[in-house]
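Notes to accompany the following structure.
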Amino acid sequence: MFFVAAVAVLIALALAVARALAGPTVFDRLVAANSIGNGAILLLAVFGFMTGRPEFLDLGILYALLNIVGTLAVLKYFRFGDLGHRGGEEPTP
Amino acid sequence: MSLELAADIVSAILLVAGSIFLVIGAVGLIRMPDVFTRMHAASVSDTLGAGLLVLGMIVQAGFTLVTVKLLIILAILFFAGPISTHALARGALAVGLEPMLFDRSGRRRRKELGLIGEFIVGQDREPRPAHPAAPVKKTSAKKSTSRKRSTSRKSSTGAGSGRGKGGRSSKR
């Protein structure tokens, strides 16, 4: 059954990579990149269970933490044009 | 023996269901016409697909440290998915992307965009004064500026809802 799950995760990853390559805007690519990160986490977990070595889950946790930080950083850059911006109401033009 | 078989069956069902939802979400990511609908499709695979897969692996793992790690991954995914989707939608609206709105008969609608117009940052870059007739005090402390900002936001939301209501009533 883990083989079926791994194949499904690989299909989802392939479709997300296609959307990341073909996305017309930056936000399409960001949605696809977020989904690619989640697929990588699931692929690590499923592959660890498939080979009987679930130690890969630590790498999955690390990827999950990096995924959200990376997505929010890229979004902040495209929103404010500056990674050191303090946020707030009005963005820099 | 039978307990192991039952656990195998339950985990197989959960894994297959999670795989189906993953593929459904990925197909939606390809097929949907818009950024916002693509976010909707991606959230299907991020919550249901990932959640069911991790639950299937938890059933397979039993009460070990692996279950704790899987639960940590599940918690991170469940909190990070909505946060990143919210930030993506807000960023897309701030840049100026508009969601496609359709009728029941399939025609494009543009009047309802006034309902979300207050979120589009490009429109109100410069904060409007609360009362247009009243002069704006320039030598004021920070306390009054924060109060002015809150009142201006309130007035802008009122204007946006009024526009949306007018458009809808004129359409029907």
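Chains as they are written, first to last, in UniProt numbering: chain G, 1 to 93; chain L, 1 to 172.
All C-beta atoms, glycine included, are put in the ideal place defined by N, C-alpha and C.
Counted within 10 angstroms of its Cβ, other Cβ atoms place residue i as buried (16 or more) or exposed
i: L:Leu15; result: buried
i: L:Arg108; result: exposed
i: G:Arg53; result: exposed
i: L:Ile83; result: exposed
i: G:Phe27; result: buried
i: G:Phe3; result: exposed
i: L:Ala92; result: buried
i: G:Ala22; result: exposed
i: G:Met50; result: exposed
i: G:Ser35; result: buried
i: G:Ala73; result: exposed
i: G:Val46; result: buried
i: L:Gly62; result: exposed
i: L:Leu65; result: exposed
i: G:Val31; result: buried
i: residue 176 of chain L; result: Here chain L has residues from 1 to 172 only, and residue 176 of chain L is not among them.
i: L:Arg104; result: exposed
i: L:Lys143; result: Legend: pLDDT at L:Lys143 = 43, less than 50; position of this residue unreliable, no value from coordinates given.
i: L:Leu77; result: buried
i: G:Leu75; result: buried
Contact list for residue i against chain L, beta-carbon separation under 7 Å
i: G:Thr25; result: Val35 and Leu97
i: G:Leu42; result: Ala50 and Leu53
Chain G contact residues for residue i, given Cβ-Cβ distances below 8 Å
i: L:Leu29; result: Leu15, Ala16, Arg19, Val31, Ala32 and Ser35
i: L:Leu77; result: Asn38, Ile41 and Ala64
i: L:Gly25; result: Ala12 and Ser35
i: L:Ser11; result: Met1
i: L:Met39; result: Val31
i: L:Ser2; result: What L:Ser2 touches in chain G: nothing, since even the nearest Cβ is about 18 Å away.
Cβ-Cβ distance between residue i and residue j below 8 Å
i: L:Asp34; j: L:Pro99; result: yes
i: L:Val54; j: L:Leu74; result: yes
i: G:Ala5; j: L:Ser2; result: no
i: L:Val27; j: G:Leu15; result: yes
i: L:Leu22; j: G:Val9; result: yes
i: G:Thr25; j: L:Leu52; result: no
i: L:Ala6; j: L:Gln60; result: no
i: G:Asn67; j: L:Ala80; result: yes
i: L:Val95; j: G:Phe80; result: no
i: L:Thr85; j: L:Met32; result: no
Closer than 9 Å at the beta carbon, the chain L residues around residue i
i: G:Arg79; result: Ala87, Arg90, Gly91, Ala94, Val95 and Val121
i: G:Ala5; result: Leu15, Val16, Gly18, Ser19, Leu22, Leu53, Gly56 and Met57
Chain L residues whose Cβ lies nearer than 8 Å to that of residue i
i: G:Thr51; result: Within 8 Å Cβ-Cβ: nothing; G:Thr51 doesn't reach chain L, min ~13 Å.
i: residue 176 of chain G; result: The shown model of chain G, from 1 to 93, leaves out residue 176 of chain G, and the question about it has no answer.
i: G:Gly84; result: By Cβ distance, chain L contributes nothing, its closest Cβ being about 17 Å from G:Gly84, past 8 Å.
i: G:Ala45; result: Leu53, Val54, Met57, Leu70 and Ile73
Supposed close pair residue i, residue j - CB separation, criterion 8 Å
i: G:Phe56; j: G:Leu42; result: G:Phe56 to G:Leu42, Cβ: 11 Å. No contact.
i: L:Met57; j: L:Leu70; result: 6 Å
i: residue 94 of chain G; j: G:Tyr63; result: Outside the displayed span of chain G (1 to 93) sits residue 94 of chain G, for which this structure offers no information.
i: G:Gly39; j: G:Leu13; result: 4 Å
i: G:Arg19; j: L:Ile30; result: 6 Å
i: residue 186 of chain L; j: L:Ala41; result: As displayed, chain L neither begins before 1 nor continues past 172, which places residue 186 of chain L out of reach and without an answer.
Residues that residue i contacts on chain G, provided the C-beta gap is smaller than 7 Å
i: L:Leu22; result: Ala8, Val9 and Ala12
i: L:Ala6; result: Within 7 Å Cβ-Cβ: nothing; L:Ala6 doesn't reach chain G, min ~14 Å.
Chain G residues whose Cβ lies nearer than 9 Å to that of residue i
i: L:Ser105; result: Those do not exist, as L:Ser105 stays about 26 Å from chain G at its closest Cβ, beyond 9 Å.
Which parts of the region 4-50 of chain L are runs of the beta strand (DSSP E), unbroken and 3 residues or longer, counting only runs that do not cross its ends?
List check, beta strand (DSSP E) in window: nothing returned.
Can you check the region 47-101 of chain L for any alpha helix (DSSP H) of at least 4 residues that lies completely inside it and give the ranges in chain order?
Taking only runs of at least 4 residues, the alpha helix (DSSP H) segments lying wholly in the region 47-101 of chain L are 50-61 and 65-95.
Which ranges would you report for the beta strand (DSSP E) in the region 3-34 of chain G if only whole runs of at least 3 residues count?
Listed in chain order, there is nothing to give.
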